[in-house]
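This report concerns only the one structure given below.
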Amino acid sequence: MKKKILLVVSFIIILYFTYPQKVNLPLGDHCDYNKTCFWMPWGDHMHNGIDIFAKTGDSIKSATYGIVINIRRNTKIGGNTVSILGTKGRVYYYAHLNSIDVCLGQFVTDSTTIGTVGNTGNAINTPPHLHFSIFSFWKQGMECHKDSKYPFYCLNPIKEFS
Numbered sequence: 283m284k285k286k287i288l289l290v291v292s293f294i295i296i297l298y299f300t301y302p303q304k305v306n307l308p309l310g311d312h313c314d315y316n317k318t319c320f321w322m323p324w325g326d327h328m329h330n331g332i333d334i335f336a337k338t339g340d341s342i343k344s345a346t347y348g349i350v351i352n353i354r355r356n357t358k359i360g361g362n363t364v365s366i367l368g369t370k371g372r373v374y375y376y377a378h379l380n381s382i383d384v385c386l387g388q389f390v391t392d393s394t395t396i397g398t399v400g401n402t403g404n405a406i407n408t409p410p411h412l413h414f415s416i417f418s419f420w421k422q423g424m425e426c427h428k429d430s431k432y433p434f435y436c437l438n439p440i441k442e443f444s
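Residues in the sequence shown are numbered consecutively from 283, following the working numbering.
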């Protein structure tokens, strides 16, 4: 267990100091996304990311360099999800995926396909899209809000895109 923790801490330090903090649109520059849905009321909480619309099966690329730290399938809210620990200790969260093409612990670059667009979880009755969020355990970024439901800050992805 200590070796795993040391490995993760070492990885964070390496990412923090060596890789650029470039954040790309996971579906490319020509995708359609809702520019106003970040931090809008969404049921009993605030919408902590943006929705990027595309066709079912379109490839989703990692937004940045990182390591896959969580994969969940068929969850009630996000459906099929992937979380990637990236530069500056940020967690990049991808939800409603149709398929997942990465595995836990995998190192990814900004050209790695992590999955495909879908409408799984609570998006089952919506057009296919990717819910994309950026989280941090400390305040950082140009637009950052503390989520009252969770122990982290939510960054506005639109303000972070390169």
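We put the CB at the ideal spot given by N, CA and C, even for glycine.
Residue range of the alpha helix (DSSP H) that includes residue i
i      : result
Ile359 : Element bounds for Ile359: n/a, residue is neither H nor E.
Lys441 : Pro439 to Glu442
Residues of its chain near residue i, where Cβ-Cβ distance is below 7 Å and the 5 sequence neighbours each way are ignored
i      : result
Val389 : For the record, residue 389 in the displayed sequence is Phe; it is not Val. Cβ neighbours of Phe389 beyond the five flanking positions: Ile349.
Range covered by the beta strand (DSSP E) that runs through residue i
i      : result
Lys428 : Cys426 to Lys428
Gly397 : Thr395 to Thr398
Bridge partners - residue i, DSSP secondary structure assignment
i      : result
Tyr432 : Bridge partners of Tyr432: none, in fact.
Arg416 : The question names Arg, but residue 416 in the sequence shown is Ile. In DSSP, Ile416 forms a bridge with Tyr374 and Leu437.
Val390 : Gly348
Sequence-distant residues of the same chain with beta carbon closer than 8 Å to residue i, five excluded per side
i      : result
Phe419 : Gly371, Pro433, Phe434 and Tyr435
Thr338 : Asn380, Thr398, Val399, Gly400, Asn401 and Pro410
Nonlocal neighbours in the same chain, by C-beta distance under 6 Å from residue i, ignoring five residues either side
i      : result
Ile351 : Ser365 and Leu367
Leu386 : Val350 and Ile353
Beta strand (DSSP E) segments (min. 3 residues) lying fully within the region 312-388: 332-335, 341-343, 348-357, 361-368 and 373-377
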